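The block underneath contains the structure these notes are about, expressed in structure tokens.
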Amino acid sequence: MIVMKPNNLTHLNPDSIYRHLEAFLKQHEQNSSNTKDTYERGIRQFFEHFNKDIRYLTESDLQFTRTQIVEYQNHLFDDLGYSYETIKHKLKPLKNFYAYLKMNGFNVIPEIFKPNRFPKTSQPYGYLSWDEGLLLAEL
């Protein structure tokens, strides 16, 4: 017998992590749909790195050690080539989501997502020279 999880199963539990995540993202969507999308991508990427589906998170899935967070940051820097600024932007949604969960009574530590300092790259992603900026402005 095959048992499948329905996509809306998490909605049966009023304290499901996914329900809180949806409310958190909706709150940010009111300010900007881009912020909502960026936050969702960052949160999804983090949990996928640890092989966890955000739709079925449990409170125990939220528990990480500082070492795991540092290793994740190292992965972003070393393996994916992200700059320090990009890593900060990837961790911000997680820190904010954990702060949101903490306000809702979950036993989490938002400060665990404080980014490590990494060496500056000579030309981080998104860098434009002065001439390239002027050309872009003209277009």
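Note that the numbering used here has the sequence shown beginning at 1, numbered continuously upward. Ideal Cβ placement from N, Cα and C applies to all residues, glycine included. Please read these numbers as outputs of a predicted model, since none were measured by experiment.
What number of angstroms, rounded off, separates the C-alpha of residue 62 from the C-alpha of residue 137?
So the two alpha carbons sit approximately 44 Å from each other.
Span of the alpha helix (DSSP H) around residue 97:
84-103
So what's residue 62 in DSSP terms, helix, strand or just coil?
helix
Quick check on the burial criterion: 16 or more other C-beta atoms within 10 angstroms. Buried or exposed for residue 102?
exposed
Collapsed DSSP secondary structure at residue 81 in the structure displayed
Coil, per DSSP.
Can you tell me whether residue 117 is helix, strand or coil according to DSSP?
coil
Using a Cβ-Cβ cut-off of 7 Å (strictly less than) and excluding sequence neighbours within five positions of residue 73, which residues of its own chain qualify?
87, 115, 116
Closest by CA to residue 20, which one among 34, 52, 99?
99
Give the single residue among 107, 22, 36 whose Cα lies nearest to the Cα of residue 54.
22
Residue burial classification, residue 80 (beta-carbon count within 10 angstroms, cutoff 16)
The Cβ neighbour count for residue 80, taken over all protein chains shown within 10 Å, is under 16; the residue is labelled exposed.
Can you tell me where the alpha helix (DSSP H) with residue 33 in it begins and where it stops?
33-49
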